[in-house]
Structures are given as structure tokens and as C-alpha cells.
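Asker: Starting off with a structure, shown below.
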């Protein structure tokens with residue numbers, strides 16, 4: 022593939038912010054219930070192990086990208102040929118579209134439940150997608166800049182991670198490790214959607230200056246995400262009883278409802294509103310990634326592809342009109358992502374490495 026001009030690239034340390042901002046999306050608001058439903062008070066162990074496994078996948082991704090010297094679109098075609106490689110590219114890009122759609126429509130559901138139950142989904146979707154279009158047309162550096170501020174601005178809410186501690190009962194965490202290792206592994210499924218998004222690195226790798234040096238920042242980013250998610254899981258398990266958590270769909274928001282100020286009666290309104298700064302770069306990244314991937318695969322300019330993708334995601338807002346449909350979309354996205362990331366990428370790395378050694 023063609024070398025990306027340096028004026029379109031970002032510094033290696035930006036990978037730290039890009040990965041964190043796309044991992045800490047809407048899944049952070051309610052991932053605890055799903056994992057706790059599977060392994061109870063050992064859910065924090067599943068979260069920690071899943072975070073560790075993501076670091077292993079990040080290492081594999083960098084091995085693939087460093088050896089291929091390009092993005093996943095070019096690498097798939099180089100390793101498997103035009104048609105088979107094209108099929109894998111189609112699967113990956115379809116997954117990225119689903120990831121963006123799931124993120125946006127799950128956030129819209131949060132807005133419906135916690136703020137504006139009567140507002141139509143298509144109004145919120147249209148406003149978000151219109152803003153995302155403006156961001157993506159500015160190029161990758163603009164998208165990356167939004168990702169940076171998508172971490173900096175919501176960080177003002179970090180105190181909400183500690184306020185519920187005064188009501189936590191850490192006896193809820195005991196006995197520890199009462200589930201088998203296999204059960205804890207199954208509990209990791211509850212964390213999939215929350216951690217996913219880091220695989221966008223497969224598409225924006227060529228846009229990083231001295232990309233090989235950025236690997237440590239990717240690992241640091243996932244380490245931060247793992248610590249945050251594990252802490253939130255521990256806090257949630259200590260704050261809620263098992264019966265309460267089973268009905269707390271948005272556990273984080275339910276916890277911070279206790280925060281009160283003389284001038285703010287419903288503090289969760291602030292949280293949901295500020296969370297838009299997480300969602301905006303999430304959706305923008307997926308739109309940029311898919312349009313860029315199609316450009317590399319088919320040679321169609323991004324400015325022609327982008328409106329089509331946006332219209333598709335917008336039209337979905339008319340069909341994803343209840344909790345069950347959004348849950349189904351979450352499930353499909355998680356399953357496709359799991360197979361591609363945890364099965365396909367390691368196999369791709371092994372085949373790519375074998376082919377390189379055979380050529381020598």
C-alpha cells in the first residue's frame with residue numbers, strides 16, 4: 022500500500038488515547054451485570070483476565086502489522102490473495118460497522134431510559150451522525166484529536182469512581198474464587214463488548230509516525246482500561262447485592278444516582294451528557310475505519326462511501342426500537358468480534374509468519 026504522508030500522521034503516544042477512548046465507551050455504563058450473572062462475585066477475576074488477554078492480542082496485532090508493513094486490508098490480500106483476503110476484509114469491515122451501530126444505538130437507549138424517554142431515536146442518531154460526518158471528513162488527525170478530547174473532557178468525572186465507596190460492603194466479594202476456572206472463562210464473555218474497539222489499530226496503524234514504537238503505548242492504554250474496569254467491577258459487586266445487581270442494567274449510572282449537589286438534583290443527567298464525549302469519537306473512528314478500509318479494498322473514495330455507511334446506521338434507528346433488539350445486536354457484534362479477534366488474528370499471524378519464513 023502507499024505510504025501515508027507524514028502530515029496526515031499522528032505521534033506514537035496518541036495510540037494511548039485512541040485505544041482508551043474507544044474502549045471506554047457505552048459498555049462501561051453497564052458491563053458489570055452481564056459478567057456477574059455468569060460468575061457472581063468472581064466477576065472481577067473474569068474482567069482482569071480478559072484485560073490481560075487483550076494485551077496478548079495487542080502483541081499479536083503488532084506482530085502482524087510490523088511484518089506486513091501495512092494495514093489489515095493489504096495484509097489479508099497479501100497473505101490469502103485477492104478473493105479470500107477480500108472475504109476476510111468484508112467480514113472485518115462489516116464487524117466495524119456493527120460496532121459503531123451498536124455503540125451509538127446502545128447510547129441512544131441510555132438517553133431514552135435516563136433522560137428523554139419520549140424523544141425519537143432517529144433524532145438523536147441524526148444529530149450524532151451529522152456531527153460524526155463533519156469530523157470524519159476532516160481526516161484522521163481530526164478524528165484522533167476528537168479521541169484525545171474524548172478522554173480529557175470526561176476525566177473531570179473521575180471522582181464518581183470513588184464516591185460510592187462509602188456505601189460499599191466488601192464482604193460481598195467473599196468467598197473469592199468459588200467458581201471453577203472454566204466458569205470464570207465463561208464470565209469473560211460479559212466483558213467482550215466493553216474492551217473491544219482496540220482492533221481499530223489494524224486500520225489506523227499506517228497513520229502513526231514510527232508505528233513500531235507505538236506498541237508500548239497500546240499496552241499502557243489497555244492496562245489503564247483493565248485497571249478501571251476491574252476497579253468498577255469490584256466496586257459494583259461491593260455496592261450491590263447479587264439480587265440487586267441482577268436487575269441493574271446500567272450499574273454505574275445506578276451507583277452515581279446517590280451523588281447530590283444543592284444545585285443539581287439528577288447528577289446522572291450530567292454523566293449521560295458528558296458520556297457523549299466518549300461516544301462521539303467511538304462512532305467517528307468506526308465510520309473513518311470502514312470508509313478507509315473500503316477505499317483500500319475497492320478503490321472507492323471515502324467521501325463517496327461515508328454517506329452510505331451513515332445512512333445505513335441511521336436507518337437502523339427505525340428498527341432498533343426496544344431493549345431486546347439492541348441486546349441482539351450487542352450479542353451478534355460481540356460474537357463476530359470474538360471470533361475475528363481471538364480466532365482469526367492468531368491464525369493469520371501464524372500463517373503470515375510461516376509464509377515469511379518459507380520465502381527466506
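Numbering (the numbering used here), first residue to last: 22 to 381.
Even for Gly, the Cβ is constructed at its ideal location relative to N, Cα and C.
(1) With a threshold of 6 Å on Cβ separation, who are the neighbours of residue 220 within its own chain once the five nearest residues in sequence on each side are excluded?
(2) Can residue 295 and residue 175 be called in contact, C-beta distance under 8 Å?
(3) Can you find at least 3 beta carbon pairs, one from the segment 68 to 79 and one from the segment 194 to 211, that sit closer than 8 Å?
(4) Could you compute how far the alpha carbon of residue 232 sits from the alpha carbon of residue 245?
(5) For the putative contact between residue 390 and residue 359, defined by C-beta atoms under 8 Å, what is the C-beta separation to the nearest angstrom?
(6) With a CB to CB cut of under 8 Å and the five nearest residues on each side skipped, what residues in its chain are close to residue 194?
(7) Measuring CA to CA, which of 274, 96, 355, 60 is closest to residue 218?
(8) Bridge partners of residue 229, per DSSP?
(9) So which of 161, 376, 183 has the shortest CA-CA distance to residue 280?
(10) Closest to residue 79 by CA distance: which of 216, 126, 310 is it?
(11) Let me make sure I understand the geometry here. Which of 311, 180, 373 has the alpha-carbon closest to that of residue 118?
(12) In or out: residue 269 buried (at least 16 other Cβ within 10 Å) or exposed?
(13) So, at 7 Å on beta carbons, what are the nonlocal neighbours of residue 81 in its own chain, with the 5 sequence-adjacent residues on each side left out?
(14) Short of 6 Å in beta carbon distance, which residues of its chain neighbour residue 172, apart from the five on each side in sequence? Order them along the chain.
(15) Which one or two residues does DSSP pair with residue 282 in a beta bridge?
(16) Which residues in the same chain as residue 150 place their Cβ atom closer than 6 Å to its Cβ, once the five residues preceding and following it in sequence are excluded?
(17) Buried or exposed: where does residue 54 fall if 16 or more other Cβ atoms within 10 Å of its Cβ makes it buried?
(18) Distance check for residue 364 and residue 202, CA to CA, integer angstroms please.
(19) Consult DSSP for residue 200 and reduce its assignment to one of helix, strand or coil.
(20) Quick check: the Cα distance between residue 51 and residue 271, rounded to an integer number of angstroms?
(21) Report back the beta-carbon spacing between residue 223 and residue 93 to the nearest angstrom; my notes put them in contact at under 8 Å.
Answerer: Looking at the coordinates:
(1) 362
(2) Going by C-beta atoms, residue 295 is nearer than 8 Å to residue 175.
(3) yes
(4) Each residue's alpha carbon lies about 21 Å from the other.
(5) Because the chain in this structure spans residues 22 to 381, residue 390 falls outside the shown range and cannot be described.
(6) 62, 65, 255, 258, 259
(7) The shortest C-alpha to C-alpha distance from residue 218 to any of 274, 96, 355, 60 is the one to 355.
(8) 31.
(9) 183
(10) 216
(11) Answer by Cα proximity: 311.
(12) buried
(13) 366, 367, 370
(14) 38, 41, 42
(15) Per DSSP, 285.
(16) 331, 335
(17) buried
(18) Their Cα atoms are separated by approximately 20 Å.
(19) Three-state result, residue 200: coil.
(20) The C-alpha of residue 51 lies about 4 Å from the C-alpha of residue 271.
(21) Contact holds; Cβ gap of about 4 Å.
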